[in-house]
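First the structure, in the form of structure tokens, and then the observations on it.
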Amino acid sequence: MMLNLYPYNNGHLMVAPYEHVGALDLLSPETLADMMAQAQWALRALRKSMNPDGFNMGINMGKVAGAGFAEHIHYHIVPRWNGDTNFMPVIGDVKVMPEHLDSVYQKLLQALDETKA
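full-length UniProt numbering puts the first residue of the sequence shown at 1, with every later residue one more than the last.
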């Protein structure tokens, strides 16, 4: 599990396996279970530390899907809040992040420690 360096929203996490495969159906059942357990842990920590109203979750598979290179897969977990969109991306072609990445990292690190299964 890692904090996204270029987040869509504060707390945007990614879960990636150590295995380098290009598709979900190529992962072992054990790896899939571990990735989903990591996603559940991430959700608990995000709820505890950031109190989002919901989440967007998605899977990137392969280079054209945004995974960076062909033999890679990862989950995105993006916390969402009511009203978390604004005019800046449309008018200014810029995303406003209300909290510094280092601060989010420290907050999530503590919440991950407190929510270990």
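C-beta atoms are modelled at their ideal positions from N, C-alpha and C, and glycine is treated no differently.
Give the straight-line distance between the Cα atoms of residue i and residue j, rounded to the nearest whole angstrom.
i: Asp53; j: Ala70; result: 33 Å
i: Ala16; j: Leu46; result: 17 Å
i: Gly66; j: Met57; result: 14 Å
i: His100; j: Met50; result: 13 Å
i: Tyr8; j: Asn60; result: 15 Å
i: Asp25; j: Thr31; result: 11 Å
i: Tyr18; j: Asn82; result: 34 Å
i: Gly22; j: Gln38; result: 19 Å
i: Asp84; j: Gly62; result: 29 Å
i: Lys48; j: Ala33; result: 23 Å
Am I right that residue i and residue j are in contact with their C-beta atoms under 8 Å? What's the rounded C-beta distance?
i: Leu3; j: Leu108; result: 7 Å
i: Val78; j: His12; result: 5 Å
i: Met35; j: Tyr6; result: 21 Å between Cβ atoms; not a contact.
I need the boundaries of the beta strand (DSSP E) containing residue i, first residue and last residue.
i: Met1; result: No beta strand (DSSP E) contains Met1, which DSSP labels as neither H nor E.
i: Asn79; result: As written in the sequence, residue 79 is Pro, which differs from the Asn given in the question. Pro79 -> beta strand (DSSP E) spans Ile73 to Arg80.
i: Leu26; result: Note, Leu26: premise wrong, no beta strand (DSSP E); not H, not E.
i: residue 168; result: No answer is possible for residue 168: the residues shown for the chain start at 1 and end at 117.
i: Val64; result: From DSSP, Val64 is part of no beta strand (DSSP E); its letter is neither H nor E.
Checking the sheet assignment: what are the DSSP bridge partners for residue i?
i: Val104; result: None, per the DSSP bridge assignment.
i: Leu13; result: Leu3 and Ile77
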